[in-house]
Amino acid sequence: MGEYDRSPRCGGCATGPREPVLPPSVCGRLGIVAFVAALVVLVLGAAYAGDREPGPTDTRVFAAVDGVSPPWRHVAVVTDFLGEPVGAVLLVAALVSGCLLLRHPRAAVFLVTGSGLTVGTTALLKPVVGRTIHGDNLSYPSGHTAFLTALALMVSLLAAGRLGLGRAAGTSLVCAAGLVAGAVMGWAQVALGSHYATDTLGGCCTAFAVLPVNAWLVDRTGDRLALRRAAGAPGPEDGRRVGAGRQPSR
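Numbers 53 to 302, taken from my numbering, label the letters of the sequence shown in order.
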């Protein structure tokens, strides 16, 4: 097998010297998950557009987690910090450093672009939906929940590819990791009174909708750049021809 393999994979691209960030085994099913998640984001956004009060579901969930006391309140505060700018930057920087140490630059790009695109999407959606909490604070969808969900999805996708998991195991790992991360951050946001429960569901689904698309784009771009570099690099035969054409200097 040469440096680049044209064996079939998601998107029909040739694989480079590094494994894709979107494993072919989970590509199809994760695309379906992304489509359903996008629908949930749109439906919830339309349902709660312009609202200033919690809905019935929000009220029930808040009643269940209201009054959280130490040590669980400390856990909620620490979890919330992971979604704050400083905490998020530190978390992403640590993971990116690990990817670079493992000589997997494509994964590092994936982590940076995935985090930025997910948080950016929530920032764009908030003024469009116009739902507020505690006065004029835009709340839907939750950026904190979207960020932690996205990070869990990215790490689990990389793990599924590295471990060579099959379709069922890989998809289960990725979805479970994203749902657990979304549930933990969603609980923290509701317990601290920062978001309605439906805001956190919208944030979680935003990550599920954005990440597969981002992963596909990173792989597509990385494969094209790798093929372009390979096409422009002289091979052994080219080197011998160039050497043969040179005349010895006198």
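All residues carry an ideal CB built from backbone N, CA and C; glycine is no exception.
With DSSP run on the structure shown, which of helix, strand or coil describes residue i?
i: L217; result: coil
i: L163; result: helix
i: A283; result: helix
i: G168; result: helix
In chain order, what residues of the same chain have a beta carbon less than 7 Å from the beta carbon of residue i, not counting five sequence neighbours either side?
i: M206; result: F162, L163, G166, L263
i: T261; result: At residue 261 the sequence reads Ala, which differs from the Thr that was named. These residues qualify, in order along the chain: A86, A89, A90, V93.
i: V78; result: A212, R219, G222, T223, V226
i: A101; result: V181, G182, R183
i: C65; result: Confidence in C65 is poor, its pLDDT being 40 and thus under 50, which makes the residue's placement unreliable; the coordinate value appears in the next sentence. These residues qualify, in order along the chain: D271, R272, D275.
i: G150; result: none
i: V144; result: L163, V164, S167
i: R112; result: none
So, using beta-carbon positions, are residue i and residue j closer together than 8 Å?
i: T201; j: A233; result: yes
i: V141; j: A160; result: no
i: V270; j: R158; result: yes
i: G209; j: A146; result: Sequence inspection shows Leu at residue 209; the Gly mentioned does not correspond to that position. No, they are not a contact pair.
i: L96; j: G254; result: yes
i: A128; j: A228; result: no
i: G135; j: G195; result: yes
i: T174; j: A204; result: no
i: L177; j: P193; result: yes
i: P106; j: F114; result: yes
Taking 7 Å as the cut-off, is the beta-carbon of residue i closer than that to any non-hydrogen atom of the ligand ATP?
i: P193; result: Absence of the ligand ATP from the depicted structure is noted, as is the absence of any ligand whatsoever, leaving it without description.
Considering only residues of the same chain and omitting the five flanking positions on each side of residue i, which have a CB-CB separation below 6 Å?
i: F133; result: G139
i: L154; result: none
i: P72; result: D271
In its own chain, which residues sit with a C-beta less than 8 Å from the C-beta of residue i, not counting the 5 before and 5 after it?
i: H186; result: G245
i: P179; result: L190
- Query: Fully enclosed by the region 190-257, which alpha helix (DSSP H) runs are 4 residues long or longer?
  - Reply: 195-215, 219-243
- Is it a yes or a no for the region 208-227 touching the region 120-138, going by three-plus beta-carbon pairs under 8 Å? Note that the region 208-227 does not touch the region 120-138; fewer than 3 beta-carbon pairs, one per stretch, sit closer than 8 Å.
- Stretch-stretch touch, CB-based, cutoff 8 Å, three pairs: the region 249-259 with the region 229-239: yes
- Item | Complete alpha helix (DSSP H) runs within the region 61-136 (minimum length 4 residues, chain order) | 76-99, 108-117, 124-135
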